[in-house]
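**Student:** One structure coming up, written as structure tokens, with questions to follow.
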Amino acid sequence: MKRIFQPEDFRNELLAAAYDELPLWSAPFGLNLLNAINYSAPVVALDIGCGTGFPLLELAQRFGKGSNFYGIDPWSEGLNLIRRKMECYDIDNVTVTCAVAEKLPFDNEMFDLITSNNGLNNVQSLEDSLKECHRTLKKDGNLIFTANLPGTFSLFYETLIKAMLQEGLDMIVPKIYKHIKSKRKSIEEMCQTLENIRLRVIRTETESYNMHFSSGTSFFNHFLIRLYFMSSWLNLIPENFQHQIMNLVEEELNSFSVSNQGICMEVPYALFEAEKF
């Protein structure tokens, strides 16, 4: 397996420079988000988890003069790249700030629109983040965001659980389900959370796409997997079993790929639109 990325690697300017504005991983989510927005009137808007600029810069250009956009992300190196893009693109209606969603540095009832492309399901506290969205949204303002769902990479998780059981690590299996639940809420859970915070759900849309790989080895070595997933997966396994379990999973996926012309990892996701009340 190639090198696994750690959180501190995000401090590397080279990583920020190599990171796409819209990574393939979140592109399907993002295109749906763009199509869900009403462009008929100027807005003051916030993008949570703006990364290296999507959908923040695209929305700022589509709304154009008369609208003001703000972006927040804890990734300062990514924000530096946004600033360089703003200069290159000649965009002057965007302000970016290094901040977290749980503590937004903005006044009450400031925004007509808040967006997030697969960002709100990666915060430390979803409830606190949504409370901040409610606080900073104007009355009748809209929150539109996307999030991947619990079935994401189900083939991997099924194979991981099988390997755990095979090695007598039954006691770890509940930890895997807890990990999935903490990372990805079901549509019903997310809608209930929104309503509890006085964000009325206007609509939900569900989609999915497939990521195809030639083998388990190519899946494990993919940049996306090493950057976002592998560390948290390893943390599910007792340290003295990590190498053994992940080798078993890789071998099982490799065997599966031979008889199935590769492996297919499904990524189901949802779009949520809610209104402050």
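Mapped onto this note's numbering, the consecutive letters of the sequence shown carry residue numbers 464 to 740.
Cβ coordinates follow ideal geometry from the N, Cα and C atoms, glycine included.
Quick caveat, the model's predicted, so the values are computed rather than measured.
#1: Report the rounded CA-to-CA distance for Lys648 versus Met549, giving the unit in angstroms.
#2: Near Thr667, what residues of its chain come up, given a Cβ to Cβ distance below 6 Å and the 5 sequence neighbours on each side ignored?
#3: With DSSP as the reference, label Ala610 as helix, strand or coil.
#4: Kindly list the residues whose CB is nearer than 6 Å to the CB of Leu623, restricted to its own chain and excluding five residues on each side of it in sequence; keep chain order.
#5: The beta strand (DSSP E) spanning Ser671 covers which residue range?
#6: Tell me the DSSP secondary structure of Asp575 in three-state form.
#7: Could you give the C-beta distance for Phe526 and Glu630, rounded to a whole number, given that I count them as a contact under 8 Å?
#8: Rounded to the nearest angstrom, what separates Ser617 and Asn498 at their Cα positions?
#9: Of the choices Asn580, Glu715, Thr599, whose alpha-carbon is the least far from that of Asn571?
#10: Rounded to the nearest angstrom, how far is the Cβ of Glu652 from that of Pro491, given a contact under 8 Å?
#11: Would you say Ile607 and Leu567 are within 8 Å of each other, going by their C-beta atoms?
#12: What did DSSP end up calling Gly631 once you bin it into helix, strand or coil?
#13: How close, in whole Å, do the beta carbons of Thr656 and Glu590 come, if the pair is a contact with beta carbons under 8 Å?
#14: Distance check for Ser694 and Thr615, CA to CA, integer angstroms please.
#15: At which residues does the alpha helix (DSSP H) containing Thr680 begin and terminate?
#16: Which residue wins for smallest C-alpha separation from Met627, given the options Gln469, Phe517, Glu715, Phe468?
#17: May I ask you to list the residues that DSSP assigns as paired with Glu729?
#18: Counting only runs of 3+ residues fully inside the stretch 487-549, write out the beta strand (DSSP E) ranges in chain order.
#19: Report buried or exposed for Pro637, applying the criterion of at least 16 other Cβ atoms within 10 angstroms of its Cβ.
#20: Measure the Cβ-Cβ separation of Ala523 and Ile545 and say whether it is below 8 Å.
#21: Could you tell me the boundaries of the alpha helix (DSSP H) in which Val712 lies?
#22: When the distance is taken between beta carbons, is Ser720 closer than 8 Å to Ser678?
#23: Count the other CB atoms, across all protein chains shown, that sit within 10 Å of the CB of Cys513; report buried if there are 16 or more and exposed otherwise.
#24: In terms of residues, what are the limits of the alpha helix (DSSP H) holding Thr599?
#25: So Thr609 packs on Asn531, CB below 8 Å; how close in whole Å?
**Tutor:** Quick look at the numbers:
#1: 34 Å
#2: Ile650, Ala733, Phe735
#3: strand
#4: Val712
#5: 662-676
#6: strand
#7: Contact doesn't hold; Cβ gap of about 54 Å is too wide.
#8: 28 Å
#9: Thr599
#10: Actually they do not touch by this definition, with Cβ atoms about 22 Å apart.
#11: no
#12: coil
#13: 7 Å
#14: 17 Å
#15: 679-684
#16: Glu715
#17: Asn673
#18: 507-511, 531-536
#19: exposed
#20: no
#21: 705-723
#22: yes
#23: buried
#24: 589-599
#25: Actually they are not in contact, since the Cβ atoms of Thr609 and Asn531 sit about 23 Å apart, beyond 8 Å.
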